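In my numbering, the protein residues as written are 94 to 414.
Here is the structure we will look at.
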Amino acid sequence: MAELLLSDKLHIMVYVVAIVTGLPFNLLALYAFLGRAKRKAAPDVIFLINLTISDLAFLLFLPFKILESAKGSMWTLPAFLCPLSSLFYFSAVYGSILFLTAVSVERYLGVAFPIQYNLYRKPMYALLVSFLLWVCAFSHCSIVYIVEYQKVTNSSRNQTVCYSNFTHSQLVVLLPLRLELGIVLFCLPFLITTFCYGNFIRILLSSPHISYGKKQRAVGLVLATLLVFLICFAPYNISHFVGFIQQSSPPWRTDALLLSTFNTSLDPIIFYFSSSAVKQTCKTCLSSLSRELSSFKPFQILLSFLRKRNEALRADSFHQT
């Protein structure tokens with residue numbers, strides 16, 4: 094078997110880190126949000142649940158990406174899984190963008206127009222908006238079915254690549270679709286999110302009756318959200334514009350897409366600042382973990398050994414003086 098390229102090794106490492114860090118924290122957040130939704134299904138909770146589901150769906154299809162990278166970027170799985178995994182992969186990426194935007198709009202309307210918005214702040218409307226956002230994400234990302242997605246690279250071994258190395262005729266169709274994707278599902282949501290959170294922070298900071306702690310959490314929420322947009326989503330969507338101008342796929346497009354993987358690890362930071370339920374669940378889990386470790390016998394032996402060692406070192410130091 095040929096030695097893997099450095100880029101393939103990097104991809105595998107990033108995917109594994111995303112699963113290890115993103116999966117437990119997103120499951121923890123989903124548990125907290127569902128518990129809160131049972132008590133009161135507020136629109137922001139519904140949007141955050143959908144955002145968490147989007148992250149988990151993304152993580153669910155990462156093993157396909159790991160296997161693809163481990164095979165030197167060759168697609169060795171059944172052919173029908175290529176467009177299916179790509180559809181869910183890209184839909185989860187853009188679904189995250191749309192639900193981050195939905196949360197920002199909900200926050201802004203809640204502080205800018207509290208009385209008027211409260212009349213329409215119903216769970217049914219949030220569920221309808223969530224459904225429409227999912228339809229928007231999946232319908233736009235269905236280009237993986239519209240465009241021919243596989244190209245035979247070694248007919249004797251029947252090796253293929255998945256959604257890569259497009260011909261000129263394929264790019265004629267694909268590049269305008271990517272451009273539309275970047276405008277509708279990234280630029281517009283980013284502008285809306287920036288506007289909403291900019292005014293959200295301005296209103297909160299100018300309100301004397303809001304506590305310093307709430308203002309601090311709000312600033313943390315805004316910074317974490319903008320960080321996700323700029324680090325995880327901007328580079329890949331910029332490649333759509335560059336590709337359309339150059340009429341070719343930029344060679345760094347795959348590496349830019351890799352950054353979107355960190356979204357699943359950074360979103361829990363947004364959850365922490367967005368919801369007291371997530372914060373309380375994290376504290377409870379950490380407290381339980383601490384108790385379990387303290388009752389774990391090998392852990393107690395290690396603590397006892399370290400304590401005795403420190404006492405012996407202090408005694409030696411005392412005798413030497």
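The C-beta atom is built at its ideal place from N, Cα and C for all residues, glycine as well.
The structure presented is a predicted model; accordingly, all values stated were derived computationally and were not measured.
- Looking at the DSSP output, Trp168 shares a beta bridge with Thr253.
- By the Cβ-count criterion, Phe173 is exposed, with fewer than 16 other Cβ atoms from all chains shown falling within 10 Å of its own Cβ.
- The segment 347-364 makes no contact with the segment 272-279, as fewer than three CB pairs between them are under 8 Å.
- Around the beta carbon of Tyr238, fewer than 16 other beta carbons sit within 10 angstroms, so the residue counts as exposed.
- In the three-state DSSP reduction, Arg214 falls in the coil class, being neither helix nor strand.
- Spanning the alpha carbons of Gly306 and Leu123 requires a straight line of approximately 24 Å.
- When the Cα atoms are used, Gly128 and Gly115 turn out to be separated by approximately 20 Å.
- Look at Gln209 here: in three-state DSSP terms it is helix.
- The three-state secondary structure of Phe231, taken from DSSP, is helix.
- Taking a 10 Å sphere around the C-beta of Asn211, we find fewer than 16 other C-beta atoms and assign the residue as exposed.
- It is roughly 16 Å from the alpha-carbon of Tyr108 to the alpha-carbon of Ile324.
- Arg200 is positioned such that its CB atom lies no closer than 8 Å to that of Pro136.
- Around the beta carbon of Ser197, 16 or more other beta carbons lie within 10 angstroms, which makes this residue buried.
- The three-state secondary structure of Gln340, taken from DSSP, is coil.
- For Thr260, the secondary structure class from DSSP, reduced to helix, strand or coil, is coil.
- Counting other Cβ atoms within 10 Å of its Cβ, Phe326 reaches 16 or more and is therefore classed as buried.
- In the three-state reduction of the DSSP assignment, Phe173 falls in the coil class.
- Separation of Ser262 and Ser235 (C-alpha to C-alpha, rounded to the nearest whole angstrom) is 18 Å.
- Within the same chain, Cβ atoms closer than 7 Å to the Cβ of Ser184 are found at Ala230, Phe231, Cys234, the five residues on either side in sequence being excluded.
- Comparing C-alpha distances from Ser100 to each of Leu352, Val335, Asp348 shows the shortest one belongs to Asp348.
- In the three-state reduction of the DSSP assignment, Pro301 falls in the coil class, being assigned neither a helical nor a strand state.
- With 16 or more other Cβ atoms inside 10 Å of its own Cβ, Ile146 counts as buried.
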